[in-house]
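Just below is one structure, and these are the notes that go with it.
Numbering (our numbering), first residue to last: 271 to 432.
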């Protein structure tokens, strides 16, 4: 199979990542012709999270978390506190970025699963802790979609809301 120029061997993952960035952008209430956040004349990719920067993501209902360090995403749930890991390909688009990859499966015959994580600008609350996150996130693992909030090394969580 020919490898994509984004470093992944699965062209479908790149398409899925682009679709999630568009879907995440559609969640924001925007009026007028310019539906992309920021300066409409600026065509550079979003740089709210730099390449190589650490990212932390948390979601509720059900509880889950993820962390990206380098080129590895670690996904955790209460049932799997040690988590499972997958290598990621990063794509920075105009309104956000995405990370896509695959969990290889393994113990107990767990099958391999593909994932795409989309992150975009805008404040986010997990609805339980009162913490204010600088980014919104959506994680898709196979057909399961989970929403959450994200922070990064340069944009940390702001603490409990008053």
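For each residue, glycine too, the CB sits at the ideal point set by N, CA and C.
In DSSP terms, what residue i is bridged to
i, result
"residue 356", "343"
"residue 326", "337 and 421"
"residue 416", "409"
"residue 366", "363"
Local conformation of residue i per DSSP, three classes
i, result
"residue 298", "Confidence at residue 298 is low in this model, with a pLDDT of 43, below 50, so the placement of that residue should be treated as unreliable; the coordinate-derived value is given next. Coil."
"residue 379", "helix"
"residue 319", "coil"
"residue 461", "There is no way to answer for residue 461, as the model of the chain reaches only from 271 to 432."
"residue 426", "coil"
"residue 374", "coil"
"residue 399", "coil"
"residue 350", "strand"
"residue 332", "coil"
Proximity to residue i [Cα-Cα], best of the options
i, options, result
"residue 325", "365, 334 and 405", "405"
"residue 383", "357, 390, 389 and 365", "357"
"residue 367", "426, 316 and 310", "316"
"residue 408", "429, 401 and 370", "370"
"residue 398", "333, 314 and 310", "333"
"residue 424", "319, 314 and 335", "319"
"residue 345", "359, 428 and 373", "373"
"residue 391", "353, 413, 415 and 365", "365"
Distance, residue j Cα to residue i Cα
i, j, result
"residue 328", "residue 380", "23 Å"
"residue 321", "residue 420", "15 Å"
"residue 426", "residue 375", "31 Å"
"residue 361", "residue 338", "14 Å"
"residue 363", "residue 348", "32 Å"
"residue 340", "residue 359", "10 Å"
"residue 342", "residue 393", "25 Å"
"residue 309", "residue 388", "21 Å"
"residue 428", "residue 314", "27 Å"
"residue 431", "residue 403", "Confidence at residue 431 is low in this model, with a pLDDT of 48, below 50, so its placement is unreliable and no value can be given for it."
Under 8 Å between C-beta atoms of residue i and residue j
i, j, result
"residue 386", "residue 410", "yes"
"residue 330", "residue 413", "no"
"residue 354", "residue 422", "no"
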